[in-house]
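Asks: In the numbering used here, the protein residues as written are 138 to 387.
Virtual Cβ for every residue (Gly too), placed ideally from N, Cα, C.
1) For residue 188, which of helix, strand or coil comes out of DSSP?
2) Measuring alpha carbon to alpha carbon, tell me which residue in 138, 281, 334, 161 is nearest residue 306.
3) Can you list, in chain order, the residues of its chain with a C-beta nearer than 6 Å to that of residue 249? Leave out the 5 residues immediately preceding and following it.
4) Just the Cα atoms here: how many angstroms apart are residue 154 and residue 218?
5) Can you tell me whether residue 262 is helix, strand or coil according to DSSP?
6) Select from 203, 326, 213, 221 the residue whose C-alpha is nearest the C-alpha of residue 196.
7) Mind listing, in chain order, the continuous beta strand (DSSP E) runs of no fewer than 3 residues lying wholly within the region 270-334?
8) How far does the alpha helix (DSSP H) with residue 236 in it reach, from first residue to last?
9) Using DSSP bridges, identify the partner residues of residue 388.
10) Taking residue 207 as the reference, which of 237, 175, 368 has the closest Cα?
11) From which residue to which residue does the alpha helix (DSSP H) around residue 360 run?
12) For residue 161 and residue 239, which I take to be in contact (beta-carbon distance under 8 Å), what is that distance rounded to the nearest angstrom?
13) For residue 377, name the three-state secondary structure that DSSP assigns.
14) Excluding sequence positions up to five away, which residues of its chain have a Cβ less than 6 Å from the Cβ of residue 148?
15) What did DSSP end up calling residue 220 once you bin it into helix, strand or coil?
16) Can you give the beta carbon distance from residue 364 to residue 382, rounded, assuming they're within the 8 Å contact cut?
17) What distance in whole Å lies between the Cβ atoms of residue 146 and residue 209, which are believed to be in contact at a cut-off of 8 Å?
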């Protein structure tokens, strides 16, 4: 039996009974961990009154080989992201990021850098002056990096050839995994040069944070493009993605 003690964010939860919960926690030490918190909703206990979605805390869990659910023995609530409970756009963005983590990561596969990126993103959403699109652009890029799906931006992802430097538009091929020539073919999405420049700037400076990104329609287009790419990788559109990206953008 392994004992886990880790910083964690709750990315999904289900009521198991009136007093207990089943949760999916994104832990910094071990990645996704699903567990049962017996008595979590009792006011006096070891779970701070319950484990709420998109809160950060320190979890103690017992992991037994061959069992899907860990036994959670303690949850020390450390951070509540209040904007997610007060602003609709922040709430939807937070739920979308939690959905991405649940669908892209495997159980017990640690990604500490992505955990830190999620904490940074949730904290950025606390500031109403930081554009939600900029937060999502940064996090989606970090997710693609951590999951091994970063798009090819320097050369034609289909042929390996140099991309035209003076064309007002290029294209993005989800099948090839990056930028390609804008031939008008149905297997690629046309994108503006400004969107390409935004993604390349992001790739050139991985340490940049959402607050450093210049807000505007280009950020929104770049964020939407990465969402479409993630959708194609998953083979399905997440319901939370539809909430965040309601209307198409050129």
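Replies: From the atom records:
1) coil
2) Sorting 138, 281, 334, 161 by C-alpha distance to the C-alpha of residue 306 places 334 at the top.
3) 165
4) 26 Å
5) Coil, per DSSP.
6) When each option's Cα is compared against that of residue 196, the closest is 213.
7) 306-310, 315-317, 326-329
8) 225-241
9) Nothing about residue 388 can be reported from this structure: the residues present for the chain run from 138 to 387 only.
10) 175
11) Where residue 360 is concerned, the enclosing alpha helix (DSSP H) stretches over 354-371.
12) About 6 Å separates the CB atoms of residue 161 and residue 239; that is less than 8 Å, so the two are in contact.
13) helix
14) 161, 163, 235, 238, 239
15) helix
16) That belief holds up - the Cβ atoms of residue 364 and residue 382 are roughly 5 Å apart, short of 8 Å.
17) Actually they are not in contact, since the Cβ atoms of residue 209 and residue 146 sit about 14 Å apart, beyond 8 Å.
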